[in-house]
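Chemist: Here the protein sequences line up with chains A and B, keeping their order.
Residue numbering for the first sequence follows my numbering, beginning at 1 and increasing consecutively.
Residue numbering for the second sequence follows my numbering, beginning at 1 and increasing consecutively.
Structure provided below as structure tokens; questions to follow.
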Amino acid sequence: MYPHERSLVKRLKDKPFALIGVNSDEDLANLRDKVRIEKELTWRSFWNGPEGTSGPISQAWNVFGWPTIYIIDHNGVIRARNKRGEAMDEVVDQLLAEMERDG
Amino acid sequence: MHRIVLTAMLLAPTALLPAQVDAAGSKEKSAKAAYQLLTEEYSQAQTESRRLASIAREAGERVQLGQAAVAFVPRFQQAAKDYAGSENAVQFLTWITLNAGSDSDATNAALNTLVADHIASEAWTALAPRLAGLSRTLGDERVAETMASVLAGNPHDAVKAEIFWARGNKVIRDAYGEPAPADKRLEAIADLRKVRELIPNGDRAEAAKRGLFELENLQNGMPAPEIVGPDIDGVEFKLSDYRGKVVVLDFWGDW
Chain A
1 MYPHERSLVK RLKDKPFALI GVNSDEDLAN LRDKVRIEKE LTWRSFWNGP
51 EGTSGPISQA WNVFGWPTIY IIDHNGVIRA RNKRGEAMDE VVDQLLAEME
101 RDG
Chain B
1 MHRIVLTAML LAPTALLPAQ VDAAGSKEKS AKAAYQLLTE EYSQAQTESR
51 RLASIAREAG ERVQLGQAAV AFVPRFQQAA KDYAGSENAV QFLTWITLNA
101 GSDSDATNAA LNTLVADHIA SEAWTALAPR LAGLSRTLGD ERVAETMASV
151 LAGNPHDAVK AEIFWARGNK VIRDAYGEPA PADKRLEAIA DLRKVRELIP
201 NGDRAEAAKR GLFELENLQN GMPAPEIVGP DIDGVEFKLS DYRGKVVVLD
251 FWGDW
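This is the structure we're talking about:
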């Protein structure tokens, strides 16, 4: 997961794109002080709270499997779900192209 | 005199005589005892099989799991036959349905008997949540048929609620990469609403509510709901802060 996410963020750093995480690790200190460095997190994440996978954000979005992905266009509209790797790149690039066309 | 008495006895009402109540009660006890013995033996066989599997794995050998059930299926089938026609058979038939694994003949046969002879049993409450999982061995159509039969033939609200939940939730689970087609989505919405009608409170109701939210708000083409919360440094921010950008929203964890 991490290498692909990192490379996507890097590739699109000058584009109107954001990778936003919702993290469900229970131990915030460990996440903030260790995981962030070890796994080189280069994107911002909401913290789902101390209840981990039962936390409020994942509950609200009915998330029952990790990872779960939603791809949202520049108008805030959901356009795809659970695309990984190359499939994710394709959708993101398509939506960026759409945005450029719409001007 | 004797003849009249005999006739009177033959015409006696069908209420159970004390001896018959005892017989039914003791049959139930013996069925429960037999079920307990079999399931305990099975549990021990599973433990042994896992022990052997981990030894094999350490020796670098390939391991095939799920074999412990194979030897037990015929014994549960025999027990189901012994108690055929009575509620006592249901526990054995349920075990076969849930544990016969890739033996689809045994699974099908047990499920057929449950539908044919025990459609009104309350025991479907326990079986219903596991029906969607049987799609792999029995196929989607068979599972859908079974759910419809139970809804039509079972009088218990708790059973119906579990079937509506299983059916609606299956649509959500199946919609991993591609959202559910419109007709399935509408059926699932109707099913999950039924769950909430039948069980207004508790875990199942909450799960149905979440499922409904997904079906009604998280499909392609719908505006993403707002998220407000702290990042891992405790700084509060919003999903809508990123309007104007393409966003990948990634629910993740480091485990």
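Think of the CB as a built atom: it goes at the ideal place given N, C-alpha and C, for glycine as much as any other residue.
Please specify which runs of the alpha helix (DSSP H), each continuous and at least 4 residues long, are wholly inside the segment 88-127 of chain B, giving them in chain order.
Modeler: As far as the segment 88-127 of chain B is concerned, its whole alpha helix (DSSP H) runs of at least 4 residues are 88-99 and 104-117.
Chemist: Can you pull the chain A residues whose beta carbon is under 8 Å from the beta carbon of residue 240/B, in chain order?
Modeler: What residue 240/B touches in chain A: 76.
Chemist: Thinking C-alpha only, which one of 182/B, 142/B and 55/B is nearest residue 112/B?
Modeler: Closest option to residue 112/B, Cα to Cα, is 142/B.
Chemist: With distances taken Cα to Cα, identify the nearest neighbour of residue 20/A among 84/A, 70/A, 101/A and 80/A.
Modeler: Checked all of 84/A, 70/A, 101/A and 80/A; the closest Cα to residue 20/A is 70/A.
Chemist: Residue 42/B versus chain A: which residues are under 8 Å apart at the beta carbon?
Modeler: Correct list: empty, because the minimum Cβ distance to chain A is about 29 Å.
Chemist: Tell me whether residue 158/B sits in a helix, a strand or coil according to DSSP, three-state version.
Modeler: Three-state DSSP puts residue 158/B in a helix.
Chemist: Give the range of the beta strand (DSSP E) segment to which residue 238/B is assigned.
Modeler: Counting along the chain, the beta strand (DSSP E) containing residue 238/B begins and ends at 236-238.
Chemist: Rounded to whole angstroms, what's the CA-CA distance from residue 87/B to residue 209/B? Just pull it up for me.
Modeler: Whole-angstrom Cα-Cα distance: 34 Å.
Chemist: Let me know if residue 54/A comes out buried or exposed under the rule of 16 or more other beta-carbons within 10 Å of its beta-carbon.
Modeler: By the neighbour-count rule (16 or more Cβ atoms within 10 Å), residue 54/A is not buried but exposed.
Chemist: Three-state secondary structure (DSSP) at residue 244/B?
Modeler: Coil.
Chemist: Under a CB-based cut-off of 8 Å, is residue 54/A close to chain B?
Modeler: No, no contact with chain B.
Chemist: In chain order, what residues of the same chain have a beta carbon less than 7 Å from the beta carbon of residue 220/B, not counting five sequence neighbours either side?
Modeler: Excluding residues within five positions, the ones whose Cβ falls inside 7 Å are 179.
Chemist: Spell out the partners DSSP gives residue 72/A in its beta bridges.
Modeler: According to DSSP, which records beta bridges pairwise, residue 72/A is partnered with 78/A and 247/B.
Chemist: Give the DSSP-derived three-state secondary structure of residue 172/B in the structure shown.
Modeler: It is helical.
Chemist: Can you grab the Cα-Cα spacing for the pair residue 63/A / residue 251/B, in whole Å?
Modeler: Distance between the alpha carbons of residue 63/A and residue 251/B: 8 Å.
Chemist: Using a Cβ-Cβ cut-off of 8 Å (strictly less than) and excluding sequence neighbours within five positions of residue 35/A, which residues of its own chain qualify?
Modeler: Excluding residues within five positions, the ones whose Cβ falls inside 8 Å are 25 and 41.
Chemist: Three-state secondary structure (DSSP) at residue 29/A?
Modeler: Reduced to three states, the DSSP call for residue 29/A is helix.
Chemist: Starting from residue 230/B and walking both ways along the beta strand (DSSP E), at which residues does that stretch end?
Modeler: Counting along the chain, the beta strand (DSSP E) containing residue 230/B begins and ends at 228-230.
Chemist: Under 7 Å Cβ-Cβ, which residues of chain B neighbour residue 73/A?
Modeler: The contacting residues are 246.
Chemist: To the nearest angstrom, how far is it from the Cα of residue 182/B to the Cα of residue 188/B?
Modeler: When rounded, the distance between both Cα atoms is 10 Å.
Chemist: Between the Cα of residue 100/A and those of 83/A, 88/A and 74/A, spot the shortest distance and give me the residue it belongs to.
Modeler: Looking at the Cα atoms, 74/A is the closest of the given residues.
Chemist: Ordered along the chain, which non-local residues of its own chain (more than five positions away) have a Cβ less than 7 Å from that of residue 217/B?
Modeler: Correct list, in chain order: 225.
Chemist: Where does the unbroken beta strand (DSSP E) through residue 44/A begin, and where does it stop?
Modeler: First-last of the beta strand (DSSP E) with residue 44/A: 44-47.
Chemist: Identify, in the order they occur along the chain, each residue of the same chain with its Cβ nearer than 8 Å to the Cβ of residue 157/B, setting aside the five sequence neighbours on each side.
Modeler: Result list for residue 157/B: 198 and 199, in chain order.
Chemist: Taking DSSP's pairing of strands, which residues face residue 19/A in a bridge?
Modeler: Residue 19/A is bridged to 248/B.
Chemist: What would DSSP say about residue 223/B, mapped onto helix, strand or coil?
Modeler: Of the three classes helix, strand and coil, the one that applies to residue 223/B here is strand, per DSSP.
Chemist: Identify, in the order they occur along the chain, each residue of the same chain with its Cβ nearer than 7 Å to the Cβ of residue 103/A, setting aside the five sequence neighbours on each side.
Modeler: For residue 103/A, where only same-chain residues beyond five positions count, there are no Cβ hits under 7 Å.
Chemist: Please return the same chain residues whose Cβ sits closer than 7 Å to the Cβ of residue 101/B, not counting the five positions on each side in sequence.
Modeler: Cβ neighbours of residue 101/B beyond the five flanking positions: 66 and 69.
Chemist: Please work out which residues of its chain come closer than 8 Å, Cβ to Cβ, to residue 83/B, disregarding the five sequence neighbours upstream and downstream, and give them in chain order.
Modeler: Counting only Cβ-Cβ distances below 8 Å, and skipping sequence neighbours, we find 27, 31, 89 and 92.
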